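Those sequence lines, one after another, are chains A and B. Position in the first sequence (first residue = 1) + 72 = my numbering. Position in the second sequence (first residue = 1) + 72 = my numbering. For reference, the structure discussed in these notes is given below.
Protein chains: 2
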Amino acid sequence: MGAKKGMMKHVISVLVENKFGVLARISGLFSARGFNIDSLAVGETDDPTVSRMTIVAEGNESTLEQITKQLHKLIDVIKVQDITNQDYIDRELMLIKVNAGKKDRAKLIQIVDTFKANIIDVNPETLSIEIAGEQSKIDAIMELLAPFGIREIVRTGRIAMARKKEVAIKKKSS
Amino acid sequence: MGAKKGMMKHVISVLVENKFGVLARISGLFSARGFNIDSLAVGETDDPTVSRMTIVAEGNESTLEQITKQLHKLIDVIKVQDITNQDYIDRELMLIKVNAGKKDRAKLIQIVDTFKANIIDVNPETLSIEIAGEQSKIDAIMELLAPFGIREIVRTGRIAMARKKEVAIKKKSS
């Protein structure tokens, strides 16, 4: 994690065998090459033996090419795609807990409605809100909520899907 | 990743300094102890120098205790919480692209509406759907969509937030 200015953000989608230690090997590969991972999300696919990682990382092109080559060589990696320059949809999910005294509730509910977010928990002093969307939307609601006092934020990191060319969940061999 | 039967799933929330190599060190720690990571999501917080990881991992209690202790010792780790036994909200985000020929569109839109999901992309042959919710909800819509033919799935992995006790984003020292 961490970001340097003037370097390009890459979105890399990696299909891996759902096996022990894969995550450590992959994140180790990035850090060994001095490539900062901004966000990483690993989730299941419809095949329980296969997971998909979405990695957003910042660094220079040629280093990334080396990393991609090395990723391909890892035995548990099925497919690697740098979708940065493709037409893709990207989304993120955030849970945010904010201070919500009586006088602020109406204002907060208005913000939640405007952003098509959801209130998922209510306490006498706080509201917890769930919002999914592009990073710019998440950042925008965060900015509007900040003045009320943010108690806690949990974000998933971005996931991305190319618009046209789907990635079949097929294994290299088996 | 990967899961053994008869072991407990733990949800661990880790606040870390947003620094180079942290992710590799943390995932390495789990794999060195033979602890399988089911899902992992790393996202920003309102402090750009701090990130939060939500790790869902399966394994035995005493090993996890050792891992937690070691996590605490890592210099870039600010706070570790095993929230498994707390009252927490957990959510996940999924993007799913399904086959959508003319005759299936109406049925698909009905499913999308029922689950309060969103259609985020339309092609002549496919629909792309975004859905956020608890894992059971995500699994349920996936099951209903499967018969249409799933082209691609990207999931974030779970993120979780304790209902009551908020975690202040404060650093150990500075």
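Think of the CB as a built atom: it goes at the ideal place given N, C-alpha and C, for glycine as much as any other residue. Only a predicted model underlies this, so the values are computations on that prediction, with no experimental measurement involved.
- Contact of M80 (chain A) with chain B is not assigned, every C-beta pair being separated by 9 Å or more.
- Counting of Cβ neighbours within 10 angstroms places E215 (chain A) among the exposed residues, the total staying below 16.
- Within chain A, the residues A96 and G100 have their CB atoms less than 7 Å from the CB of G100 (chain B), given in chain order.
- In the assembly as shown, S111 (chain A) is a buried residue. Its beta-carbon has 16 or more other beta-carbons within 10 Å.
- Annotation for Q207 (chain B): the continuous alpha helix (DSSP H) segment containing it runs Q207 to L217.
- The closest CA to that of L143 (chain A), considering only A:I225, A:G221 and A:S85, is found on A:S85.
- Identification of residues in the region 150 to 174 of chain A having a C-beta nearer than 8 Å to some C-beta of chain B yields I161, R163, E164, L165, M166, L167 and K169, given in sequence order.
- Under a criterion of Cβ atoms nearer than 8 Å, the residues of chain A adjacent to R124 (chain B) are, in order, I225, V226 and R227.
- Interface annotation, V114 (chain A): in contact with chain B, CB-CB separation under 9 Å.
- Rounded to the nearest whole angstrom, the CA to CA distance from D159 (chain B) to G173 (chain B) is 43 Å.
- Rounded to whole angstroms, the Cβ separation of R105 (chain A) and T135 (chain A) is 5 Å, and the two are in contact under 8 Å.
- V94 (chain B) and F102 (chain B) have their C-alpha atoms spaced approximately 13 Å apart.
- For the region 182 to 201 of chain B, the set of positions with a beta-carbon nearer than 9 Å to some beta-carbon of chain A reads K188, N190, I192, D193, N195, T198 and S200 in chain order.
- Straight across, the Cα-Cα distance linking E202 (chain A) with I210 (chain B) is about 15 Å.
- DSSP places G106 (chain A) in the coil class of the three-state scheme, outside both helix and strand.
- Using beta-carbon distances, K145 (chain B) does not count as an interface residue toward chain A, since no partner is under 9 Å.
- Residues of chain A whose Cβ lies closer than 8 Å to the Cβ of D118 (chain B) are, in chain order, M214, A218, I222 and I225.
- The Cβ of S103 (chain A) sits closer than 9 Å to at least one Cβ of chain B.
- Between S85 (chain B) and chain A, the shortest Cβ-Cβ separation is below 9 Å.
- D119 (chain B) and R97 (chain A) have their alpha carbons spaced roughly 28 Å apart.
- Between V122 (chain B) and L87 (chain B) the beta-carbon gap is near 6 Å, inside 8 Å, which marks them as a contact.
- When 9 Å is used as the limit between beta carbons, S208 (chain B) is near no residue of chain A, the shortest such separation being about 13 Å.
- Between the beta-carbon of I155 (chain B) and that of A232 (chain B) there is about 6 Å, and that keeps the pair under the 8 Å contact cut.
- Boundaries of the alpha helix (DSSP H) around T186 (chain A): K174 to T186.
- By alpha-carbon distance to F220 (chain B), the top candidate from B:S200, B:T117, B:D148 and B:N108 is B:S200.
- Neighbours of R235 (chain B) in chain A, taken as residues whose beta carbon is under 7 Å from its own, are D193 in chain order.
- Each residue's CA atom was taken as its position, placing T198 (chain B) and P196 (chain A) some 45 Å apart.
- DSSP links S123 (chain A) through a beta bridge to A:V88 and A:E116.
- Secondary structure of E130 (chain B) (DSSP, three-state): strand.
- Listed by position along chain A, the residues whose Cβ is nearer than 7 Å to that of A204 (chain B) are L165, E202 and A204.
- Taking a Cβ-Cβ cut-off of 8 Å, the neighbours of G93 (chain B) in chain A comprise S103, given in sequence order.
- Among the residues of chain B, those whose CB is under 7 Å from the CB of S111 (chain A) are V114 and G115, following chain order.
- In this structure, G229 (chain B) and A129 (chain B) do not form a Cβ contact; the two beta carbons are roughly 11 Å apart against a cut-off of 8 Å.
- With respect to the 9 Å criterion, I222 (chain B) and V184 (chain B) are not classified as neighbours on the basis of their beta carbons.
- T198 (chain B) sits in a strand when the DSSP states are folded into three classes.
- In the structure shown, the three-state DSSP call for A96 (chain A) is helix.
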